[in-house]
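Visitor: Below is one structure. I have some questions about it.
Right, here's the structure in full:
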């Protein structure tokens, strides 16, 4: 189990977003590739454990979600600066099945 920060979807309580920042490292974290390849996972959120589907968020939607995460947790803005020109930090949507 790997604890991680997430951003809840304000309109859909069954969706959360996770950010493959790896603290601004030049490569994506292994868990990102594992989730994308599997397309589904089991997560534990609070006292609940449930199945989710995994989808990558891209384009303007990704940018808006990342900006909101960086607004709430300024360290994410630092991670984006560290990865500028190297990689775009992926955002994944985890949706309850």
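Numbering (the working numbering), first residue to last: -6 to 90. Beta carbons: idealized from backbone N, C-alpha and C, even for Gly.
1. Out of 33, 30 and 25, point me to the one whose CA is closest to residue 82's CA.
2. Pick helix, strand or coil for residue 61, following the three-state DSSP scheme.
3. Between the alpha carbons of residue 21 and residue 15, how many angstroms are there, rounded?
4. With a cut-off of 8 Å on the beta carbons, I'd call residue 53 and residue 29 a contact; round off their distance for me.
5. Within a Cβ cutoff of 6 Å, which residues of the same chain sit near residue 5, ignoring the five residues on either side of it in sequence?
Guide: On the basis of the supplied data:
1. 25
2. helix
3. 6 Å
4. Going by Cβ atoms, the distance from residue 53 to residue 29 rounds to 20 Å, so no, they are not a contact pair.
5. Short of 6 Å from the beta carbon of residue 5, and not among the five residues preceding or following it, lies no beta carbon of its own chain.
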